[in-house]
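One structure below.
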Amino acid sequence: MIDDYEVIIGLEIHVELKTQSKMFCSCSAEYFGEKPNTHTCPVCLGLPGAMPVANLLAIQYSQMLGMAVNCDNPLNTKFDRKNYFYPDLPKGFQISQYDLPFSQNGFTNISIKSDKGIKSIKRIGITRAHLEEDTGKLTHATVDGKKVTLIDYNRSSVPLLEIVSEPDMRSAEEAKAYAQKIHQIVRYIGISDADMEEGSMRIEPNVSLCSRNNKNTTNNTNNKLPSYKVELKNINSFKFAEKAINFEIKRQAEILDRGETPIQETRGWNENKNETVSQRSKEEAHDYRYFPEPDIPPFVFAKKYIDGLKAKIPELPDAKLERFQKDYQLSEYDAEILTRDIEMADYFDEATKAGKEADLTPKQIANVIINKKPDIGKILPATLVKDIKASSQKATVNQNDLNKAVEEVISENKKAAEDYMSGKENILMFLVGQVMRKLEGKADANEVKEALIKELKK
Ligand code: ZN
Ligand code: MN
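Heads up: the sequence shown runs through residues 1 to 458, numbered per the numbering used here.
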């Protein structure tokens with residue numbers, strides 16, 4: 001029974017950093033949609049003798065992410081070699097960080113709703129955020145009737161930040177909320193597009209179950225962790241992550257119910273079958289024979305440098321959410337929608353400035369943005385404010401006049417009303433036009449439409 005177990009989830013999130021050049025060479029890091037193997041050089045192809053040079057901006061971005069999630073930024077750090085062979089990794093090792101990452105010991109808060117709709121805040125620990133390089137990309141295809149694997153090294157050595165959480169999540173819902181929070185922060189500080197579909201953000205949940213009876217035998221949190229964990233790889237949407245975790249919880253509970261222990265392994269999500277499938281057994285850290293990267297000297301950062309980076313961190317989502325409620329007198333619900341995405345939040349901030357001069361309250365502007373969803377990529381904030389102002393002056397008709405006009409139009413156009421009720425929905429626009437004419441255009445077309453539908457369905 002699932003209820004007999006406590007769910008333990010930790011997340012590894014990989015984020016490709018938005019730098020112009022790659023992590024250790026000057027090749028362009030913008031590879032998406034480019035012709036295969038055109039963004040390569042001896043360094044990112046792993047040719048013998050090629051020497052890596054670390055990308056400073058990528059290091060700064062990874063330290064900034066750490067700062068945004070309350071991590072320490074050690075002044076002494078280094079890169080390490082993680083040794084393993086795979087066709088997408090031509091060097092036979094990945095330059096990564098083992099024991100001295102750029103950021104460690106942080107946390108972020110997620111907000112979760114209970115079944116009864118009560119909101120609570122939960123702190124999720126962040127173990128570390130280390131910098132490494134991405135691998136090439138394999139495509140399995142059929143060429144001239146033969147099954148082949150094609151390799152594109154354009155992605156090889158693109159800066160990759162790995163953010164590792166503590167096993168603090170207890171449900172798929174919490175894991176999803178945490179992943180979304182990291183996504184939001186990464187986009188707020190502008191270090192990555194974090195586009196899940198394009199693969200610039202990838203989520204890997206570790207899932208295991210702990211028997212509730214065993215739990216009572218120990219007080220030490222660390223000892224409560226199960227003896228195994230299953231890693232879910234290559235998940236490219238928040239929804240799939242949630243589904244894959246829930247599938248795993250059920251699958252593992254069934255194994256444990258039989259008195260067995262699930263195998264420690266890596267599994268993938270098959271979105272057609274809606275199930276996880278075994279990929280390979282999971283390596284232990286010692287299998288990778290980590291050692292300090294000999295081609296890149298260790299780093300010693302000055303405190304002044306770290307403080308300078310800290311000053312570059314913009315207002316973060318939690319602070320913005322609070323400010324929007326306090327300064328703009330918005331409900332938490334509205335503020336949450338407007339701060340979810342940094343572009344939207346910036347847009348709203350801009351619009352309120354223009355709104356002040358036009359005598360519009362932030363709430364009036366928020367209502368229009370939330371309900372009418374204008375294309376903020378196309379309409380300037382000042383233009384939107386002007387439009388809101390204009391339509392608020394125009395729509396002077398009161399509810400009684402509107403209802404009266406609607407009733408009149410329906411009784412004068414019985415045939416059209418019947419046609420609408422029998423399914424000819426297009427005829428509604430004709431009726432809207434009739435009402436507008438009666439009101440001399442002094443009404444909002446959407447409101448007229450709503451009033452008509454309400455009256456027709458009475
Ligand atoms: Zn290169
Ligand atoms: Mn990694």
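Using N, Cα and C, we set each Cβ at its ideal position, and we do this for glycine too.
Around the Cβ of residue i, are there at least 16 other Cβ atoms within 10 angstroms (buried) or fewer (exposed)?
i, result
"M64", "buried"
"F247", "buried"
"N55", "buried"
"Q434", "buried"
"Y347", "buried"
"F461", "Within the shown structure, residues of the chain are numbered from 1 to 458, placing residue 461 beyond reach of any answer."
"T217", "Because T217 carries a pLDDT of 43, less than 50, the predicted location of this residue cannot be relied on, and the following value inherits that uncertainty. By the 10 Å Cβ count, T217 comes out exposed."
"K372", "exposed"
"M1", "exposed"
"Q399", "exposed"
"Y86", "exposed"
"N272", "exposed"
"V406", "buried"
"N73", "buried"
"N219", "Confidence is the limiting factor: at N219 the pLDDT is only 45, short of 50, which leaves the residue's position unreliable, though a coordinate-based value still follows. Answer is exposed; the Cβ neighbour count stays below 16."
"H183", "buried"
"Y328", "buried"
"M196", "buried"
"K353", "exposed"
For residue i versus residue j, is the C-beta spacing smaller than 9 Å?
i, j, result
"T339", "L321", "yes"
"V463", "I370", "Nothing can be reported for residue 463, as the shown portion of the chain is limited to 1 through 458."
"A58", "T19", "yes"
"C44", "C25", "yes"
"S392", "Q364", "yes"
"H14", "A29", "no"
"E265", "F32", "no"
"D99", "Y288", "no"
"R212", "I9", "no"
What first and last residue would you give for the beta strand (DSSP E) that runs through residue i?
i, result
"Q329", "Where Q329 is concerned, there is no enclosing beta strand (DSSP E), given that its DSSP letter is neither H nor E."
"H130", "119 to 133"
"H140", "137 to 143"
"T149", "146 to 152"
"E12", "5 to 16"
"P205", "201 to 211"
"R155", "First-last for R155: undefined, no H or E at that position."
"R437", "Per DSSP, R437 belongs to no beta strand (DSSP E); it is in the alpha helix (DSSP H), 427 to 438."
"D359", "Element bounds for D359: n/a, residue is neither H nor E."
"E197", "Segment: none, E197 is in no beta strand (DSSP E) and carries neither H nor E."
"E34", "No beta strand (DSSP E) contains E34, which DSSP labels as neither H nor E."
For the alpha helix (DSSP H) that contains residue i, what are its first and last residues?
i, result
"N246", "238 to 257"
"Q462", "Outside the displayed range of the chain (1 to 458) lies residue 462, so it cannot be described from this structure."
"S461", "Outside the displayed span of the chain (1 to 458) sits residue 461, for which this structure offers no information."
"D419", "414 to 421"
Just checking my contact of residue i with residue j at CB under 8 Å: how many whole Å lie between their CB atoms?
i, j, result
"E242", "A172", "5 Å"
"L402", "E447", "7 Å"
"Q60", "L309", "6 Å"
"E12", "V164", "5 Å"
"A68", "I189", "6 Å"
"E350", "P374", "Not a contact, Cβ separation roughly 13 Å."
Exercise. Are the region 9 to 26 and the region 150 to 168 in contact at 8 Å, needing three or more beta carbon pairs?
Worked result: yes
For this session: Count the C-beta pairs between the region 300 to 308 and the region 166 to 183 that are closer than 8 Å, then say yes if the count reaches three, no if not.
Result: no
Exercise. So does the region 126 to 135 actually touch the region 144 to 152, counting three or more Cβ pairs closer than 8 Å?
Worked result: no
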